[in-house]
Structure formats: C-alpha cells, structure tokens
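If you're matching positions, the sequence shown starts at 1 in my numbering and goes up one per residue.
This report concerns only the one structure given below.
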Amino acid sequence: MQYITYNDTTTYNKTELLNYTLKLSHVSERYPVRFTDYYAGLVKRPDDAIWKQCMPDARELEDTEQCPDPLDEAALSPVPGLIHRYPDRVVLLVSNRCPVYCRFCMRKRLVGSGDAPMNKDVLAAALEYISAHPSINDVILSGGDPLMLDDESLSAILTGLRAIPHVAIIRIGTRIPVTLPDRITPQLCRLLKRFHPLYINTHFNHPDEITSASKAACTLLVDAGIPLGNQTVLLKGVNDSVEIMRELLTGLLALRVKPYYLHQMDLVQGTAHFRTSVQDGLKILQGLRGHISGLAVPHYVIDLPGGKGKVAVLPEDVEIRGTTLVIRTYTGEQVTYQDITPVSNQR
Numbered sequence: 001m002q003y004i005t006y007n008d009t010t011t012y013n014k015t016e017l018l019n020y021t022l023k024l025s026h027v028s029e030r031y032p033v034r035f036t037d038y039y040a041g042l043v044k045r046p047d048d049a050i051w052k053q054c055m056p057d058a059r060e061l062e063d064t065e066q067c068p069d070p071l072d073e074a075a076l077s078p079v080p081g082l083i084h085r086y087p088d089r090v091v092l093l094v095s096n097r098c099p100v101y102c103r104f105c106m107r108k109r110l111v112g113s114g115d116a117p118m119n120k121d122v123l124a125a126a127l128e129y130i131s132a133h134p135s136i137n138d139v140i141l142s143g144g145d146p147l148m149l150d151d152e153s154l155s156a157i158l159t160g161l162r163a164i165p166h167v168a169i170i171r172i173g174t175r176i177p178v179t180l181p182d183r184i185t186p187q188l189c190r191l192l193k194r195f196h197p198l199y200i201n202t203h204f205n206h207p208d209e210i211t212s213a214s215k216a217a218c219t220l221l222v223d224a225g226i227p228l229g230n231q232t233v234l235l236k237g238v239n240d241s242v243e244i245m246r247e248l249l250t251g252l253l254a255l256r257v258k259p260y261y262l263h264q265m266d267l268v269q270g271t272a273h274f275r276t277s278v279q280d281g282l283k284i285l286q287g288l289r290g291h292i293s294g295l296a297v298p299h300y301v302i303d304l305p306g307g308k309g310k311v312a313v314l315p316e317d318v319e320i321r322g323t324t325l326v327i328r329t330y331t332g333e334q335v336t337y338q339d340i341t342p343v344s345n346q347r
C-alpha cells in the first residue's frame, strides 16, 4: 500500500510557525510536528485555536501522570493493526500517517514511530480475523488517517472488507476535510461510492476550520451519497465555550455534516493541558440543548480508561461526588472516573 503525496511543511514554508517549532525542538523530538500549508494558513495569530491544535507546547512534556494508552488499545488488539473492543465492531488501523499531527491525538504514543501504511500481510491477517468472527458487522478504518492512502490502496482494503459477507457497515474516520481538503477529489468520491453503505466521520473542532475549501470537500462527499458525521474533542482554550460550540455545530449542520460526538479529552500522556472538567462539558451541553436545533446537538461522551468503552453523558445521568464521577457503562458496570476541578470553581 502507498500514500498520496502532498506538501508537508515540516521542512519548509510558514517561517514563523517553523521557527517556533525549532525553539521547542525538545518537545518535537518527543512528540513530532507536522502540518500542511493549508492548515498552517488558517492560523490568524500565535496561540489561536488552530495554532494550539498543531503547534508544540512545553506542557506536553510536563504531563507524566496520564497514560500513553489509557484506552488499553494494545490489550484489545487480537492481531496487529486491529482493535476489538465491542462485540459487533472493530477498528482497523490502516495508516500511520496524518497530514497534521494534532497535539491532542488519542494515539500520541504512536505519532512519529513509523510512517509506513499497513502492509499486505498484516492486512491479510486482520481480514482473516474479521472473516472468522461473524459477530463483526461494522468496521471502522482509522490510523493515522485512512484517506492518506492512495486510491488504489484504499480500494484494495475496501474490496477486501466487502468480500466478507457479514460486514454490513464500513466507516472511515478522517480529518482530511479539515487539514488537507484538496485530497477529496471527484475520483476519490467515485471510488468510495462503490462500497456503500459507507459512512465518514470527520473531525472539526473550531469554526475557523469551516472554510470554502473544507465546505467543498464535504459537499463532494455528501453528493456521493456518503453520510458525514463529526466528532469534536472538547479542548481547553480552543472550543470550551458555549458560544464557540454553537457556532461550530450549527456551521457543520449547514455543510450537511451531522454533529455526532463531543468527546471529553482522553487521558493521554502529553495532553493534560487540553483537558476540561466533565462538569464544564455538561454546562456546555446544557447551553446547547434547546438553544440550537436538536440535529446540531452531539452526544457528549467519555471514552473510559481501561478499554471500558464510550459512555454518553447527560447532566442527569452522572453521579458527582466532588471530582469523582460514577458512570454506568453500556454493559451496566459502574466505573469511577476522576475529574478535575471545573473552571467555574477555579475563579
């Protein structure tokens, strides 16, 4: 399998951003930096919402308490490149590469550890595992970013999955419409259209990411009959306000992108400075419900540590004991989750 080629500003262009990266080389040596010309061009000023998502921060190295793999993905991987957490679905990690290395990445531990796509032998073993488990009817392509693969490689993976009778749904998780929208071409959309039912979840975090280019990319995908959802991560200093979230979510709906999840930050080592409290997140959710269309209100979810899975959180569904939350999982298990002090209580 091969990747598409694209301009990568880790070695040139956008002088101000690159000079800043060099000043924090002690951070980027541990957690590498990559961004596209397009995404760097969205930066309006240092320390704005786009800057914070792609530029290194010294606080990344200060976070030593959180876990590199809090979701226990390694333990839930029966064969390389495959994560099997829920009975009926699996995640297939087909790519190690992204056009932008997001500083809050849930797989931050893997960023820069290798840039090769999934090789044919690993893919064959993963397809064999899926084929041998009839309970699996939903496969999510992830990585890295699956749409960094070239069309031929992507077609080979999708063809392999469609050859398995019990795989009903294929989903692709991608940030390409946000970070490299020119990758979404009519040719790519014609390819994807051959493998319906196919869904795409993309990842807009801030209204500044909604541009004419990202709108055009989403339009091409939707017009190809591909339902688009969006997964937003709640990020301190980026989108942790009702006003910003309302603008983002209603803007997405205008693009025919359905807000799907609002993710509480995963407890990933190197990302603690992005973390908000769950109570602050619940206040944002309360500020959305009834104030914007119900179509624009996402599920607020916590992906619980230890591989316990995603749990949708509503204000009335969480037992709060100070900064300790008691949450019920989809299996009925009660799990304690250690929160941080809400911003409203820090003032």
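For every residue, glycine included, the Cβ atom is placed at its ideal position computed from N, Cα and C.
Note that this is a predicted model, so its numbers are computed, not measured.
Per DSSP, ALA224 lies in no alpha helix (DSSP H) segment and is marked neither H nor E.
Going by C-alpha positions, THR219 is about 42 angstroms away from THR323. The shortest CA-to-CA distance from TYR260 to any of LEU149, TYR330 and THR232 is the one to THR232. In the displayed model, GLU128 falls within a helix according to three-state DSSP. Cβ neighbours of ASP115 within its own chain (closer than 7 angstroms, five residues either side excluded): ASN96 and ARG97.
For PRO259, the enclosing beta strand (DSSP E) begins and ends at 257-263.
In this structure GLU152 is exposed. Its beta-carbon is surrounded by fewer than 16 other beta-carbon atoms within 10 angstroms. Sequence-distant Cβ neighbours of VAL318 in its own chain, meaning closer than 8 angstroms and more than five residues away, are VAL278, LEU282, LEU325, VAL326 and ILE327.
Boundaries of the alpha helix (DSSP H) harbouring ALA254: 242-254, taken from the DSSP string. One alpha carbon belongs to TYR101, the other to PRO165, and they sit about 35 angstroms apart.
Between the beta-carbon of HIS203 and that of ASN239 there is about 12 angstroms, and that puts the pair past the 8 angstroms contact cut. The three-state reading of DSSP puts HIS133 in coil, since its state is none of H, G, I, E or B. With distances taken between CA atoms, ASP57 lies nearest to GLU29 out of GLU29, ASP223 and ALA163.
Counting the other CB atoms within 10 Å of its CB gives GLY144 a total of 16 or more, which places it among the buried residues. Rounded to whole angstroms, the gap between the alpha carbons of VAL222 and GLU333 is 38 angstroms.
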